[in-house]
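Numbering (the numbering used here), first residue to last: 838 to 1147.
The beta-carbon is built from N, C-alpha and C at its ideal position, and this holds for glycine as well.
Computed from a predicted model, the values in this text were never measured in an experiment.
All remarks here apply to the structure that follows.
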Amino acid sequence: MLTISKEHVTDTLQGGQVPAAFCRSGDTVAFETRDCYDDNDITEVNPYGTRKGGLENPATGPLYVNGAEPGDILKVEIRKIRLREYGIMRTSATNGAFHHLYQDKTARRFYFETNGETGKEGFWFDDSLWLDCDPMIGVIGTAPEKEGIVTITPGVHGGNMDCNKITAGSALYLPVFVPGALLSMGDLHARMGDGEVLICGLETAGTVTVQVTVLKAANNPVIQKTLPLLKSKDKLMTIQSAETIDEAARLAAKQMQQLVKGMTGLDDVNSGMLMSLLSDLVICQIVNPLQTVRCEFPEATIQMYGGRLP
Ligand code: CA
Ligand code: CA
838 MLTISKEHVT DTLQGGQVPA AFCRSGDTVA FETRDCYDDN DITEVNPYGT
888 RKGGLENPAT GPLYVNGAEP GDILKVEIRK IRLREYGIMR TSATNGAFHH
938 LYQDKTARRF YFETNGETGK EGFWFDDSLW LDCDPMIGVI GTAPEKEGIV
988 TITPGVHGGN MDCNKITAGS ALYLPVFVPG ALLSMGDLHA RMGDGEVLIC
1038 GLETAGTVTV QVTVLKAANN PVIQKTLPLL KSKDKLMTIQ SAETIDEAAR
1088 LAAKQMQQLV KGMTGLDDVN SGMLMSLLSD LVICQIVNPL QTVRCEFPEA
1138 TIQMYGGRLP
């Protein structure tokens, strides 16, 4: 299997970058990722790490997918996320819901182990609380349409969406703006609640195995207009980012209505009613330069009308 090592990292997703690797549509590729602190050696006693000048939120890549042309859709099926042996959390005095409480950065490391009773990987938060890992990808995106976008910012191209449903077993549909799509990813979290309220998830490094498939826009006109789109075990999710949660929520709902209409044939009125009955707006994160909301809708309902995602 093709593997892209963590030597190939960037802090900006953009067209024109030299590909770290080339593959064909349908290939399976592994991305070795650094943590969001650029694998700096952050510990409780050294919350700033030991190295200066690291990248902020580095993403591994880019992967050039042969045959992907502007206007196409790149389907990224996440097969497996394997984590490093520990994760880090660190406070911020400038950002996040509680930043006013912190004068300085405080860091904690959590070491992963296998729970003897359940067999699940997780960690002890303290002497009494065990938490299972639920690994997710914070940053995953293609090269954007115009100028580069730094990897701390989410957008139509994907990027730092910090959606905790981007996990093994899900499929993410991303737009292709440049030849080859130029897929990159990083910023793994061992787990994170919706909102990412402190400023970070349980930040870690690891290896992500994905299968990439190029879908042609002509065969998928509905999906092509509702990207980024995520398919989990039983939900479809439109993911939108904007300067405010309000705006992101409206965008995500509108995108989902377009998807529901396109895949069910329902009109404006009935798709709106059905969405009000079945869709959920969920805050992904409130801590990045743009904030992210997803709109979830049950896939089974769309299938009842004959709608199928490729
Ligand atoms: Ca992130
Ligand atoms: Ca992160």
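Query	Result
Run of the beta strand (DSSP E) containing A858, from where it starts to where it stops	858-861
Buried versus exposed call for A1085 [16 or more other C-beta atoms within 10 Å across all chains shown]	buried
CB of P991 within 8 Å of CB of L892, strictly	no
Residue nearest to P899 in terms of C-alpha spacing, selected from V976, D999, L1088, I1123	V976
Residue range of the unbroken alpha helix (DSSP H) whose run includes G1099	1082-1101
Where K1002 falls, given that 16 or more other Cβ within 10 Å makes a residue buried	buried
For T1041 and R921, the rounded distance between their alpha carbons	7 Å
Under the three-state DSSP convention, the category V1015 falls into	coil
Bridge partners - K889, DSSP secondary structure assignment	Answer by DSSP bridge pairing: none, since K889 is not bridged.
Rounded distance between the beta-carbons of I879 and A858, thought under 8 Å	Not quite, the Cβ-Cβ distance comes to about 29 Å (not below 8 Å), so this is no contact.
Supposed close pair K942, Y885 - CB separation, criterion 8 Å	6 Å
Neighbourhood of ligand 1 [Cβ distance below 5 Å to any heavy atom], ordered by chain position	G975, N997, D999, D1024
According to DSSP, residues forming a beta bridge with E958	T951
Length of the line joining the Cα atoms of K912 and I1060	11 Å
Contacts around I1120, its chain only, beta-carbon distance under 7 Å, and the 5 residues preceding and following it disregarded	D1031, G1032, I1082, V1130
Residue nearest to S988 in terms of C-alpha spacing, selected from V846, R916, G1143	Looking at the sequence provided, one finds Thr at residue 988 rather than Ser. For the residues V846, R916, G1143, the minimum Cα distance to T988 belongs to V846.
Best match in P981, C1132, G1038, G1006 for proximity to L1020 [C-alpha to C-alpha]	P981
Status (buried if at least 16 other CB within 10 Å, exposed otherwise) for P1012	buried
Any non-hydrogen atom of ligand 2 closer than 7 Å to G886 Cβ	no
E984 - DSSP class collapsed to helix/strand/coil	coil
Assigned secondary structure, G908 (DSSP; H/G/I helix, E/B strand, else coil)	coil
Neighbourhood of Y1137 by C-beta, 7 Å cutoff - its chain only, sequence neighbours within 5 removed	According to the sequence displayed, residue 1137 carries Ala and not Tyr. Once the five neighbours on either side are set aside, the close Cβ partners of A1137 are D1071.
Limits of the beta strand (DSSP E) - the one that A896 falls within	896-903
DSSP-derived helix/strand/coil call for D1105	helix
Short Cβ contact (8 Å threshold) for D872 with I925	yes
Any non-hydrogen atom of ligand 2 closer than 7 Å to G1038 Cβ	yes
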